[in-house]
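Numbering (mature numbering (1 follows the signal peptide of the UniProt record, and there is no 0)), first residue to last: -22 to -1, 1 to 820. Just so it is clear, CB atoms sit at the ideal spot from N, CA and C, and this is done for glycine as well. Structure first, commentary second.
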C-alpha cells in the first residue's frame, strides 16, 4: 500500500506521530500503571494484559485466544503474543507448546516458558510492566536453529474490526515515517514468486503506532533489537488478523527480541453499563428482570426507568425504580431491575445512566415466532445432498452428491475426527461407498456430517412435534428432486420433512455398514476451509482414479475431492442413532410409513447389538471414544426412546432403563427431563426413584444457577454455552411438567431470557434475526461476507481466562463464540417452545 502523509491527508498534527513513535518514556514515579495481579495478569484501569492464561489448542492450533493478549478499553484488541514461524500464520500452522508460567525473575515480572518440540527449540517470554505499558523480552534457550532463521519471529495479532479504516505509522520516530490505512478488505500486496505469500503492508522501522487518531485503540510498539513489519494475514486466510512481527536474529539468546508495547489508556476510563434483557420482549404476566453489568470503577447511579414509547414517538415513564445490587461475577459488578409489575402491552425501553437502550415489546404474542426462522431457514440452509433456494437467493447448489470415499485407517483428521486401525467397513481405503449421498445436515459453519449431532437433531425435532404439536409449514422439501424452496409451503409440516431428511442419512449408514459411523468430512485442509456455497465444495462427480485430473465423463471424474467417510463402529454413536431412529419412527408414519417401519427395525437391531459388547469393546481405541460414563448416558438416551416407542410393552427396554437409574441420578441436571418422558410406561418404583432424585437434585441445580446473575449455568470452558443453557431450559420444563410441586417454571424462562439477550458482555439475542437486536455477524457458511443465516444460534459469551467475558459482535471468525451448529439450534427450538408453553400456563 502506498504511504500517505497523516498531516496532509488526515489533518493529524506531526508532533502526535513523532511522540507516538518516540522511545518509550520511563514510568513517572507514583503514577498509576500496570501491576501484576493475583491472577498473574497485568492490570490497570482501562487496560488488561492477559499472559498465556489460554493456550494454543493441541488439535485446532491457533484459535486466536492464546499467548499474550491485550484488553484495551473493554475490547480484546490483540492476541497470540508468541513466537511464530510464518509471517501470516494460518490456523493449523505450527504453534508453540505452553510449558509453564511463573512469577519473576523480578518482583513485578512474569515469565512464560514455551517450546516447539518438533522444531527443536524453546524460549522464554519475560513480561515487565512499564508504566501504562509493558516490556516483553524473548529469551532463547539456545540459538535459533539455522533452518528457522528468517522465519521465526515474535508476533502480536491485532483484531481487524478494531482497526478497519484507521491508520498506522511505521518508522524510527524521527519524522518522515511511512504511513498507511488498515484496509477493510484484503488487497495484497502478494509475493510474485508463485508462493502465494503475503508481503508486508509496511516494514523496516523500529516503531509502529496503530490508529494514532483514535485514543480508544491506539497502540505504540517500539522494538530495541529487530525491525518491525506489519502484515494483513487476511491475504492468506479470511480469518487472519493484522500481524506485527519482528524476526529473531541468528545467534542471539538473551533479549533476542525486546519490545515496548504501550497502549494508549484514557485516564479514568469507565466502561459503559450493559443493560441486558430479552430482545424478543415479554408476555404481560411473566416475570421481567433485566441485568445491569457495571464497570467496578463506575459510580453507578441507583435510579433506573422503564419508558413507554408511543406511536407518535413520545416517551412516557412507565416505571421508576432502583437497581438491586447482585454482586461480582468475573470482572464486573452486577445489579438487577425488576419491572414485572408493568403488564400493559406496548413498546418499551430501559433508561439508565444517560443511555436509552433499544426497544422491546410487552405483548401476548411476544414469542409467537421466535423459533420459526431456526426451523424454516437455518435448518433448511444446513441440509446436505440437496439444493436450497429462497425466492431470488440460492443458498446452495446440490451438495456432496459424490459422497463418499472410505477413509484410511489410523487417521487423525485436522478437525478432530479419528479412525483407529480397524475400518469396520467392507470397503477398501479410498473406495467409493454407494448409498451415503442422501439426507443429513451439515453440522456447523463447516460442511461435515457429524453423525451423533445429526441424531440429536432428529430427536429434538421429534420432541418438538410430540410435546408441542409443531406443525409450521413454510418450505417445500422435495427429496426425490433434491430441492428445497424456502418460503413456499407445500402442505406438509416442515418438522416432519426435516425428521425424514435426517432419518434418511442415519438409516443409510445402517444399511451400508450395519452400524453408525463417526461422520463424513472433507479430506484436505483446502477443501475444509471452503466458504460459501456447499454445492461447489466438490465437483459432484464420483472419483475414479483411472481418470486423469482433468478428465470426467459426466458421472465420474479424476478429481479426488469426494468427502471421506470415517466408518469406525463407535458404541455411543450406535446408541445415539438407535434412539433417533426409534423416535423418528413414532412420527414419520404421518408422511412415510415405510420409512418409519425401517427406522424402528434398524433401531432395535442397533440397540440389541450393544447388549453383548464382549466382541466390540476389546480394542483400545473404543475406550478413548467411549468412557464408561458417557457410554451409559448414550445407552440411557436410546433406551428411553425405545421404551416410549414400544409403549413400555417390552421388558427388555424397561428393565434396561431401570438399570440405568444410577446414571440418570448422577447426571440428573442433564438427563432428568428426558427420563420423565418414560414415566407413563414405567412402574411405580421408577417414578418413586425419579421423585427422590429430583428432590435431591434441586438444591444442587439451584446452587449452580445462583453462581451467576442470570439464573442459569454459564459454561466456563473453551466453547461458549448457549446450547447448554437451552438444554437446561428444556430439561427444567420437562421436570416441571412431571413434578410441578418441586420444580417451578422460572428456570425455563431464565434460559430463554439468556439466549435472547440477558447474558454477559452484550445484550444481543444469540439467535440471528430473533428480537430487536440480534447476532447478525456469525460463523456460518457465509461468514466471509460478515453475514449470518436467519435462525442460527451462536454459542454466545466465552469467558477468556481468567475473567474476561467476551462476545465479538462484528468479527465472525471466532467459532467458540460465533459458530452456529444444527444440534444447538434445534436445542433452542425446544427451549423456545418450552418457554412459550410456560407463559401460557401449560
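query: Which residue's Cα is closest to the Cα of residue 416: 458, 766, 185 and 723?
result: 458
- prompt: DSSP on residue 764, reduced to helix/strand/coil?
  reply: coil
field: Per DSSP, the bridge partner or partners of residue 43
entry: None; residue 43 has no bridge partner.
- prompt: So, are the CB atoms of residue 756 and residue 772 less than 8 Å apart?
  reply: yes
message: Tell me the residue span of the beta strand (DSSP E) that contains residue 188.
response: 185 to 188
query: According to DSSP, is residue 557 helix, strand or coil?
result: helix
query: Got a sec? Which residues, its chain only, sit under 8 Å from residue 299 by beta carbon, not counting five neighbours each side?
result: 281, 282, 283, 284, 315, 316 and 317
- prompt: Taking the alpha carbon of residue 326 as the point to measure from, which residue in 479, 288 and 681 has its own alpha carbon closest?
  reply: 288
- prompt: In the structure shown, what three-state DSSP assignment does residue 509 receive?
  reply: coil
task: Could you round the C-beta distance between residue 673 and residue 720 to whole angstroms and report it? I think they count as a contact, below 8 Å.
output: 6 Å
query: Would you say residue 270 and residue 248 are within 8 Å of each other, going by their C-beta atoms?
result: no
query: So, using beta-carbon positions, are residue 62 and residue 131 closer together than 8 Å?
result: yes
task: Kindly indicate which three-state DSSP category residue 502 falls into: helix, strand or coil?
output: coil
message: Taking the beta carbon of residue 362 as the centre, do at least 16 other beta carbons fall within 10 Å, making it buried, or is it exposed?
response: buried
- prompt: How would you label residue 9, buried or exposed, when you count the other beta carbons within 10 angstroms and need 16 or more for buried?
  reply: Confidence at residue 9 is low in this model, with a pLDDT of 47, below 50, so its placement is unreliable and the value that follows should be read with caution. Answer is exposed; the Cβ neighbour count stays below 16.
Element boundaries [alpha helix (DSSP H), containing residue 716]: 700 to 716
- prompt: Quick one, are the C-beta atoms of residue 570 and residue 450 less than 8 Å apart?
  reply: no
- request: Classify residue 369 as buried or exposed, calling it buried when 16 or more other Cβ atoms lie within 10 Å of its own Cβ.
  value: exposed
- prompt: With C-beta atoms as the reference, is residue 89 less than 8 Å away from residue 73?
  reply: no
message: Any contact between the segment 64 to 71 and the segment 175 to 187? By contact I mean 3 or more CB pairs, one from each, below 8 Å.
response: yes
task: Report yes if the CB atom of residue 688 is closer than 8 Å to the CB atom of residue 671, and no otherwise.
output: no
task: Could you tell me which residues DSSP puts in a beta bridge with residue 316?
output: 267
C-alpha gap between residue 348 and residue 356, whole angstroms: 13 Å
task: Starting from the C-beta of residue 146, find all residues in its chain whose C-beta is less than 6 Å away, skip the five residues before and the five after it, and write them out in chain order.
output: 158 and 188
query: Is residue 618 helix, strand or coil when you go by DSSP?
result: helix
- request: Could you check if residue 275 is buried or exposed, using at least 16 other CB atoms within 10 Å of its CB as the buried criterion?
  value: exposed
- request: Return helix, strand or coil for residue 384, following the three-state DSSP convention.
  value: strand
- request: Consult DSSP for residue 428 and reduce its assignment to one of helix, strand or coil.
  value: strand
message: Measuring straight from C-alpha to C-alpha, what distance separates residue 78 and residue 31?
response: 10 Å
- prompt: Which runs of the beta strand (DSSP E) spanning at least 3 residues fall entirely within the segment 297 to 356, listed in chain order?
  reply: 302 to 307, 310 to 316, 324 to 330 and 338 to 340
- prompt: Out of curiosity, what's the CA-to-CA distance linking residue 185 and residue 532?
  reply: 58 Å
field: Nearest residue (CA-CA) to residue 443, options 478, 425 and 463
entry: 478
Three-state secondary structure (DSSP) of residue 814: helix
field: 8 Å CB neighbourhood of residue 302 in its chain, flanking five on each side removed
entry: 313, 314, 315 and 316
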